Amino acid sequence: MNIKAITATPSVREQAEAEVRQEQAAKAKEKMKAKLRDLAAAQAVVKGIEIQIADLERQIEDGTL
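Just add 7 to wherever you are in the sequence shown, counting from 1, and you've got this note's numbering.
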C-alpha cells in the first residue's frame, strides 16, 4: 500500500516539469496576445488607408481634387 501511495504521488522533478510547462504555456500565451494586438493595430492602419483611398477616388471622380 505504501508503494502505491509513493508511486501515485508525482515526484519533485515531475512537479517541477509540470510547473515549467505551465510557465512556458503562459509565456507563449502572452506572446500570442501581443501579436494579436499588433495585428489588430495593423488592420486599423490598413482600414484607415483604405478609407483615404476611397476618399481620393471620390474626389477624383467629382473633380474636386
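Note that CB positions come from ideal geometry on N, CA and C, so glycine has one too.
Remember, predicted model here, so these are calculated numbers, not experimental data.
Membership of Gly55 in the alpha helix (DSSP H) is indicated by the continuous run 19–69. Linking Glu68 to Ala41 through their CA atoms gives a straight-line distance of about 41 angstroms. The C-alpha of Asp45 is placed about 29 angstroms away from the C-alpha of Glu64.
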